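Peer 1:
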Amino acid sequence: MSDVRVRIAPSPSGNLHVGTARTALFNFLYAKKTGGKFILRIEDTDAERTSQAYIDNIFDSLKALGLNWDEGPDVGGEYGPYTQSERFDIYPKYVQKLLDDGFAYECFCTPEELEAEKEEATKNKKPYVYSKRCENLTDEQKEQFRKEGRKPAIRFSIKKAQEAFYDNPVIHFTDMVKGDLHQDTSLIGDFVIMKSNGSPTYNFAVVIDDMLMKISHIIRGEDHISNTFKQILIYKALGAEVPEFGHLGMILAPDRSKLSKRHGATAVSEFVEKGYLTDALLNFVALLGWAPADGVEIRTVDEIAKDFNIHELSASNSIFEYDKLNWMNSQYIKKLSTEDLKERLKPFLTKYDLSELNDEQYTRMINATREPLTILSDITDAVPYFFGEDVEIDEEAQTKVLDTDTAQDVLKTFVDMAEDWEWTEENLHQKLEDFRTMYKEKGVKAKVTMWAIRAAVTGRTCGADMVQILMVIGKDKTMKRAKKAIK
Ligand code: GLU
11 MSDVRVRIAP
21 SPSGNLHVGT
31 ARTALFNFLY
41 AKKTGGKFIL
51 RIEDTDAERT
61 SQAYIDNIFD
71 SLKALGLNWD
81 EGPDVGGEYG
91 PYTQSERFDI
101 YPKYVQKLLD
111 DGFAYECFCT
121 PEELEAEKEE
131 ATKNKKPYVY
141 SKRCENLTDE
151 QKEQFRKEGR
161 KPAIRFSIKK
171 AQEAFYDNPV
181 IHFTDMVKGD
191 LHQDTSLIGD
201 FVIMKSNGSP
211 TYNFAVVIDD
221 MLMKISHIIR
231 GEDHISNTFK
241 QILIYKALGA
251 EVPEFGHLGM
261 ILAPDRSKLS
271 KRHGATAVSE
281 FVEKGYLTDA
291 LLNFVALLGW
301 APADGVEIRT
311 VDEIAKDFNI
321 HELSASNSIF
331 EYDKLNWMNS
341 QYIKKLSTED
351 LKERLKPFLT
361 KYDLSELNDE
371 QYTRMINATR
381 EPLTILSDIT
391 DAVPYFFGED
401 VEIDEEAQTK
411 VLDTDTAQDV
421 LKTFVDMAED
431 WEWTEENLHQ
441 KLEDFRTMYK
451 EKGVKAKVTM
461 WAIRAAVTGR
471 TCGADMVQIL
481 MVIGKDKTMK
491 RAKKAIK
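Residue numbering for the sequence shown follows the working numbering, starting at 11 and increasing by one per position.
Quick look at the structure:
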């Protein structure tokens, strides 16, 4: 059994972001590759920003992506609970240990006093670092503050930890992705590990949880590198083993800014609602930071897992190319079986009365319209003419086609002749072919002839194969629409 234990630890302050999905995927792949365990922990210590809806969204999105966890809030496990807010009674013991060992101290500063310090730093154009004025308070001073009704927060003493474990204030660690990383610890302020209301802060809770959950490798975004130095010092101060860290480059928008709503969808559930397939999305995010040696980009998670090597993850930023995702999604749609696609498209067809079509007609409609689909929701606007008695004629179809004398002539002839046509696929092919040939002999291009029929029957100048359309809507509607288009 492998000792590898990795985790994804989202904070439920929003729906599951594609960036988090990528982090989850790389952790999942690493567990898969090494025979290790993949753990889900919900980091909901920030009660104000947390909501149950976001927690549900995280669960649902990870499940939809197939990133199933071995241990987590819902499935349990040996090291639970896996939701931070249910772990509040675990943290004080470790705070006390740090206090007892001199790696932490009580801080009685009020928010106003801290604000004043920050303003002073801004005024002097200096980065803000806590003044440590509470580090060496005497018992009397503490007593006095308590009498004033002040409740202490607990701060971690960076310098004490650095001096206890390192010769130099500049400390290093070897990142699995980025190699050697270092930080001058004199620039890190003594940060709060437990607030005056008793709730732990992220940097502290994450270490305690990762330690107690025996997490061996921490793979996450590079925005956490500055936290990692703080966290390493806490592990050391607790006498715990420091896990391996791997920090991934960030995901940027095509304009190289942080990926945000203004660029398009960012949450996994938003992509799903728009009709992206989770397999395509997963394949796409895997390529944001990982490149297959053979250059074959379309691959399943199992195929990716086979070739996955954590040391090959990219340390640089990746660009979230929506165009590439669209292409990839279209490739995944093409691979779906008709039956599968028929089901998956239903949520995007709710504005139509599907009961108008029997299964054969519905199948025909889907097969006739699936080719250009980039996302599943493209189907909504691709099929209105398959439904209802009449059809809405768009501007181009009206002015460029139906208003011409040629189209009017074609339609009159069509109405006369088609009345006698037997409405089978094979026969319609033949009849339309003959019809075009007949008009060609009169000097009308085949394309123009078909435009007239298409414009009358679908209200558009382009769309699915005409025979398939005629087969789905049937003879009666075809004749009715064609007659209506004649002036
Ligand atoms: N809750 C943190 C976040 O969502 C977890 C970071 C980590 O992986 O340690 O950013």
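Just so you know, even glycine gets a beta-carbon here, dropped at the ideal spot from N, CA and C.
Since the structure is predicted, the reported quantities are computational estimates derived from the model, not experimental observations.
DSSP puts Tyr115 in a beta bridge; with which residues?
Peer 2: Taking the sequence shown and counting its residues from 1, one reaches residue 115 at position 105. Note: Tyr115 sits in a beta bridge opposite Arg165.
Peer 1: Nearest to Glu283 by CA position, among Thr414, Leu386, Gly87, Met338, is which residue?
Peer 2: To locate residue 283, count along the sequence shown from 1; it is residue 273. Cα-wise, what sits closest to Glu283 is Leu386.
Peer 1: Which residues in the same chain as Ala407 place their Cβ atom closer than 6 angstroms to its Cβ, once the five residues preceding and following it in sequence are excluded?
Peer 2: Here residue 407 refers to the residue found at position 397 when the sequence shown is read from its first residue. Excluding sequence neighbours, Ala407 sits near Ala465, Gly469, Arg470, Thr471.
Peer 1: How is Leu191 classed by DSSP in three states: helix, strand or coil?
Peer 2: Numbered from 1 along the sequence shown, position 181 holds the residue referred to as residue 191. Leu191 falls in the strand class under three-state DSSP.
Peer 1: Does the region 222 to 241 come into contact with the region 52 to 71, if we say contact requires no fewer than three beta-carbon pairs (one atom in each stretch) closer than 8 angstroms?
Peer 2: no
Peer 1: For the ligand GLU, any of its heavy atoms closer than 6 angstroms to the Cβ of Arg309?
Peer 2: In the sequence shown, counting from the first residue as 1, residue 309 sits at position 299. Not so, every heavy atom of the ligand GLU lies at least 6 angstroms from the Cβ.
Peer 1: Could you check whether the Cβ of Arg380 sits closer than 6 angstroms to any heavy atom belonging to the ligand GLU?
Peer 2: By 1-based counting over the sequence shown, the position of residue 380 is 370. No, the beta carbon of Arg380 sits no closer than 6 angstroms to any heavy atom of the ligand GLU.
Peer 1: Which one of Ser324, Val482, Lys334, Lys494 has the shortest CA to CA distance from Leu364?
Peer 2: Here residue 364 refers to the residue found at position 354 when the sequence shown is read from its first residue. The candidate whose alpha carbon is nearest that of Leu364 is Val482.
Peer 1: List the whole-angstrom C-beta distance separating Phe183 from Ile242, where the pair is believed to meet the contact cut-off of C-beta under 8 angstroms.
Peer 2: The count along the sequence shown starts at 1 and reaches residue 183 at position 173. The count along the sequence shown starts at 1 and reaches residue 242 at position 232. So it is a contact: roughly 6 angstroms between Cβ atoms.
Peer 1: Leu50 lies in the beta strand (DSSP E); which residues open and close that run?
Peer 2: Numbered from 1 along the sequence shown, position 40 holds the residue referred to as residue 50. Start and end: 47 to 50.
Peer 1: Roughly how many angstroms separate the alpha carbons of Ala301 and Ser12, rounded to a whole number?
Peer 2: Here residue 301 refers to the residue found at position 291 of the sequence shown. Here residue 12 refers to the residue found at position 2 of the sequence shown. C-alpha separation (whole angstroms): 26 angstroms.
Peer 1: Within the structure, which residues are defined as neighbours of the ligand GLU by a Cβ-heavy atom distance below 6 angstroms, reported in chain order?
Peer 2: Listed along the chain, these residues meet the criterion: Ala19, Pro20, Ser21, Glu53, Val216, Arg230, His234.
Peer 1: Let me know the secondary structure DSSP gives Leu262 once reduced to three states.
Peer 2: If you number the sequence shown from 1, residue 262 lands on position 252. Looking at Leu262 - three-state DSSP - the assignment turns out to be strand.
Peer 1: Any chance you could list the alpha helix (DSSP H) runs of at least 4 consecutive residues sitting entirely within the region 333 to 420, in chain order?
Peer 2: Scanning the region 333 to 420 for uninterrupted alpha helix (DSSP H) segments of 4 residues or longer gives 348 to 355, 369 to 379, 388 to 392, listed from N- to C-terminal end.
Peer 1: Look up Glu254 in the DSSP assignment and say whether it is helix, strand or coil.
Peer 2: Numbered from its first residue, the sequence shown carries residue 254 at position 244. Three-state result, Glu254: strand.
Peer 1: If you pair each beta-carbon of the region 197 to 215 with each one of the region 146 to 154, do three or more pairs fall below 8 angstroms?
Peer 2: No, they do not touch.
Peer 1: Quick check on DSSP: helix, strand or coil for Ala277?
Peer 2: Counting from one through the sequence shown, the residue named residue 277 turns up at place 267. It is a strand residue.
Peer 1: Helix, strand or coil, according to DSSP, for Phe98 in the structure here?
Peer 2: For the purposes of this step, residue 98 is identified with residue 88 of the sequence shown, where counting begins at 1. Phe98: coil per DSSP, three-state reduction.
Peer 1: How should Pro210 be labelled, buried or exposed, when 16 other C-beta atoms within 10 angstroms of its C-beta is the threshold for buried?
Peer 2: Taking the first residue of the sequence shown as 1, we reach residue 210 at position 200. Burial call: buried.
Peer 1: From which residue to which residue does the alpha helix (DSSP H) around Thr44 run?
Peer 2: For the purposes of this step, residue 44 is identified with residue 34 of the sequence shown, where counting begins at 1. 28 to 44 is the span of the alpha helix (DSSP H), which, as asked, contains Thr44.
Peer 1: Pull up the CB-CB distance for Trp71 and Val278, whole angstroms please, since I reckon it's below 8 angstroms.
Peer 2: Walking along the sequence shown from the start, residue 71 turns up at place 61. Walking along the sequence shown from the start, residue 278 turns up at place 268. A quick correction: the sequence has Ser, not Trp, at residue 71. Right, the Cβ-Cβ distance comes to about 4 angstroms (below 8 angstroms), so this counts as a contact.
Peer 1: Assuming the contact rule is C-beta atoms closer than 8 angstroms, Met223 and Ile49 should be a hit. Round their C-beta distance to whole Å, please.
Peer 2: As a working note, residue 223 is residue 213 in the sequence shown. As a working note, residue 49 is residue 39 in the sequence shown. Between Ile49 and Met223 the Cβ distance is about 6 angstroms, and since that is below 8 angstroms, they are a contact.
Peer 1: Helix, strand or coil for Pro121, going by three-state DSSP, please let me know.
Peer 2: The residue labelled residue 121 in the question sits at position 111 within the sequence shown. Three-state result, Pro121: helix.
Peer 1: Apart from the five residues just before and just after Tyr362, which ones in its own chain have a Cβ nearer than 8 angstroms to its Cβ?
Peer 2: Taking the sequence shown and counting its residues from 1, the one referred to as residue 362 is at position 352. Same-chain partners within the cutoff: Val393, Pro394, Phe396, Phe397.
Peer 1: Between Asp190, Phe118, Lys135, which has its C-alpha nearest Lys157's C-alpha?
Peer 2: Here residue 157 is taken as the residue at index 147 of the sequence shown, counted from 1. For Lys157, the closest C-alpha among the options Asp190, Phe118, Lys135 is that of Phe118.
Peer 1: Tell me which residue opens and which closes the alpha helix (DSSP H) that Ile18 is part of.
Peer 2: Locating residue 18 in the sequence shown gives position 8, where the first residue counts as 1. Element bounds for Ile18: not the alpha helix (DSSP H) but the beta strand (DSSP E), 15 to 18.
Peer 1: Here's the rule I'm using: 16 or more other beta-carbon atoms within 10 Å means buried, otherwise exposed. How should Thr348 be labelled?
Peer 2: Mapped onto the sequence shown, residue 348 falls at position 338. So Thr348 ends up on the exposed side.
Peer 1: Skipping 5 residues on each side, what residues in its chain have a beta carbon closer than 8 angstroms to that of His27?
Peer 2: Within the sequence shown, numbered from 1, the residue matching residue 27 stands at position 17. Cβ within range, chain order: Thr276, Ala277, Val278.
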